[in-house]
Amino acid sequence: MHIYTSREALLQGVSAVQRAVASKTTMPILSGIKLETVDDKLIFSATDLEIAIQATINITTITSGAVVVPAKYFTEMVRKLPDTKIEIKVDELSHQLTVMYGNSQLKLNGYDPQAYPLIPQIEADKVFSIRSELLRQMLKQVIFAVGVENNRPVFQGILFDCYQDNLTLVATDTHRLAMRKGKWSQGNVEEFSAIVPGKTMNELLRLLPEEEEVKLSFSQNQLAIQLPNIIMFSRLIEGQFPAYKQVIPSQWKSRLRVKTRELLETAERATLLAQDGTSTIKLIVKQYQLEVNSASSSVGTLKEEIPIYLEGEETQITFNTKYLIDVLRNLDSEELTMDLTGSISPGIIRPLENENYLYLLLPLRQ
0 MHIYTSREAL
10 LQGVSAVQRA
20 VASKTTMPIL
30 SGIKLETVDD
40 KLIFSATDLE
50 IAIQATINIT
60 TITSGAVVVP
70 AKYFTEMVRK
80 LPDTKIEIKV
90 DELSHQLTVM
100 YGNSQLKLNG
110 YDPQAYPLIP
120 QIEADKVFSI
130 RSELLRQMLK
140 QVIFAVGVEN
150 NRPVFQGILF
160 DCYQDNLTLV
170 ATDTHRLAMR
180 KGKWSQGNVE
190 EFSAIVPGKT
200 MNELLRLLPE
210 EEEVKLSFSQ
220 NQLAIQLPNI
230 IMFSRLIEGQ
240 FPAYKQVIPS
250 QWKSRLRVKT
260 RELLETAERA
270 TLLAQDGTST
280 IKLIVKQYQL
290 EVNSASSSVG
300 TLKEEIPIYL
310 EGEETQITFN
320 TKYLIDVLRN
330 LDSEELTMDL
340 TGSISPGIIR
350 PLENENYLYL
360 LLPLRQ
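Residue numbers (numbering that gives the first Met the number 0): 0 to 365.
Laid out in C-alpha cells, this is it:
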C-alpha cells in the first residue's frame, strides 16, 4: 500500500470506527483497525464481533493494499500528526506501516489483514430510511430506559416495532418503559419487529449526522445502518420482547399538568439528599399544587411546592428520583402531563400536546 492523505481525513476515519474496537479480547487482531484501499478511497474497519463499523475517506492511491494497525497507537498517532500532507506506505510482508510527514517519519508494526474477521454483508429483506434528526430524537427519548444491568438480553435492547410507515421504539428495564413513535420516509416494510442492542444505538447516536437520511436494513439476525461515508453492522437480540401495549394503563384517576423545568429542578435538588446513590421522591398531588418531598435520615429533608393544574382526584405516589429525572431531561416540552391511578399503579408521563411519546414509571412502595 502507498497512499497520500491528510491528518483531518485520517482523524475522521479513526474517530468513526474506534469505539467498535474490542477492548477486552483474546484475539489481539480485534484490538486493531483494518485499513484497506479501494480505488481512491481508504476504508477503515473495526469490530468486536458484536458491532462492526466501516468508514470511508478520499485519498490518493499510488498502490493498493491493506493492513491492520493497533487502534490505540494509531489513533493517538493520528491525533498528534501535524496539519500537513501525509504519506503512508505499508510493507506487505512485514505489515509495518510507515507514516511520512514533512521531513519526519513514524513506523508502526501491524497485523496481517488476511487474519482479520470479515465484516458481514447482510441480505436484508426489511429496508427503510428515516431522517437522522428524527431518529436521534426518538433514540434519546428511549435509550436511557434500556436495562444495562439486566441479565435478560431482551431488556438490554431497543424494540423497533414497524407497521406500514409507522416506527415505534420501546425500551424497558422492568422498572420503567419509554415509548416513542415516528414515521420513516421510504422503504419496503409492511410489519415486523426487531430488538437492537442498546450499545449499538449509543454508538449510532454518536455518529448520526445533523441532516441526512439514514438507511436501516434488517435481516433475520443482523442490522446494517448506512450513513454518509459510514456503515454500521450489528447483531440483533434474539428473544421475545414484552407485550408493552398491555402494561400501559388506558384510564387514570388523576391527571396533573406541570411545567417540566420546575419539576426537573426540584427533582435534581432532591438527589442532593441521596444515600448510596439512591434517591426517592414523594409527590403529593393537591388541587392546585404538587408537594414534593425527599428525605434522608443522615442528610436532611426537602419539601417544595409547585403549581399545577389537576383533573380528577388528589393522590400521592413515590418514585425513584433518577428515573424521574431521566424522562424530564428528555421530554422536549415546556409542560407535561402525568396520569396516576393511585399510589401503587404505574405513572404515565407525556409531553403536553404530543401523543408520540410516553414514559411509564413504576412507583416505589413506602
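Beta carbons: idealized from backbone N, C-alpha and C, even for Gly.
CB contact flag (residue i, residue j, <9 Å)
i      : j      : result
PHE284 : ILE324 : According to the sequence provided, residue 284 is Val. The question's Phe does not apply to it. Their beta carbons are not under 9 Å apart, which means VAL284 does not touch ILE324 by this criterion.
VAL98  : LEU92  : no
SER184 : GLU209 : no
LEU176 : TYR358 : yes
LEU206 : LEU138 : no
ALA266 : THR340 : no
LEU226 : GLY181 : no
ALA123 : LEU158 : no
GLY197 : VAL246 : no
VAL141 : TYR110 : no
GLU334 : ARG268 : no
GLY369 : THR60  : No answer is possible for residue 369: it lies beyond the span of the chain, which begins at 0 and ends at 365.
GLU310 : ARG254 : yes
PHE318 : LEU282 : yes
SER344 : PRO248 : yes
VAL66  : LEU96  : yes
VAL153 : GLN239 : yes
ASN57  : ALA8   : yes
LEU168 : VAL77  : no
GLN17  : ALA70  : yes
Whole-number beta carbon distance between residue j and residue i, since they are thought to touch under 8 Å
i      : j      : result
ALA21  : ASP47  : 4 Å
VAL188 : PHE127 : 5 Å
PRO306 : GLN288 : 6 Å
LEU363 : THR279 : 6 Å
TYR243 : MET178 : 7 Å
LEU360 : ILE348 : 7 Å
ARG328 : LEU263 : 7 Å
TYR308 : HIS174 : Contact flag wrong, Cβ pair sits at about 28 Å.
Closest Cα partner of residue i within the set the options
i      : options                           : result
LYS84  : THR279, ILE142, GLN104 and LEU282 : GLN104
ILE236 : PHE143, GLY156 and GLU352         : GLY156
ARG260 : ASP331, LYS281 and TYR322         : ASP331
GLU313 : TRP251, PHE240, ASP82 and LYS71   : TRP251
CYS161 : ASN201, GLU7 and SER216           : SER216
VAL89  : ASP82, TYR3, THR24 and PRO27      : TYR3
SER63  : HIS1, MET76 and HIS94             : HIS1
SER131 : GLN365, ASN292, ILE224 and ALA19  : ILE224
SER5   : LYS23, LYS79, ARG18 and GLN17     : LYS79
LYS258 : PRO350, MET76, VAL77 and LEU41    : PRO350
GLN113 : HIS94, GLU352, GLU86 and SER218   : HIS94
PHE191 : ASP172, LEU166 and ALA170         : LEU166
THR74  : PHE43, LYS23 and GLN365           : PHE43
LEU41  : PRO27, ALA70, PRO81 and ILE87     : ILE87
LYS214 : MET337, ASN220 and ILE129         : ILE129
SER342 : GLN365, GLN221, LEU222 and TYR100 : GLN365
ASP172 : PHE143, ASN353 and GLY186         : PHE143
GLY346 : MET337, GLY186 and GLU354         : MET337
GLN219 : LYS125, TYR100, THR25 and GLY186  : LYS125
GLY370 : ASP164, GLY101 and ALA294         : Because residue 370 is not part of the residues shown, which for the chain are 0 to 365, the question remains open.
(request) Report the residue ranges of all alpha helix (DSSP H) runs contained in full by the segment 122–167; include only those spanning at least 4 residues, in chain order. (result) 131–139
(message) Just to confirm the assignment: which complete beta strand (DSSP E) runs, minimum length 3, are found wholly within the segment 237–273?
(response) 253–258
(request) Could you tell me which uninterrupted beta strand (DSSP E) segments, each at least 3 residues in length, are contained entirely in the segment 6–74, listed from first to last along the chain? (result) 31–37, 40–46, 50–57, 59–62 and 65–69
(message) For the segment 294–305 against the segment 146–156, do three or more pairs of beta-carbon atoms, one drawn from each stretch, fall closer than 8 Å, so that the two count as touching?
(response) no
(message) Counting beta carbon pairs with one atom in the segment 231–247 and one in the segment 50–60, are three or more of them shorter than 8 Å?
(response) yes
(message) Measuring CB atoms only, is the segment 26–37 touching the segment 107–123, in the sense that at least three cross pairs come out at less than 8 Å?
(response) yes
(request) Quick one: which unbroken beta strand (DSSP E) runs of 3-plus residues sit fully inside the segment 317–362? Chain order, please. (result) 334–339, 346–350 and 356–360
(message) List, from N- to C-terminal side, the beta strand (DSSP E) runs of 3 residues or more that fit wholly inside the segment 84–128.
(response) 84–89, 95–100 and 103–108
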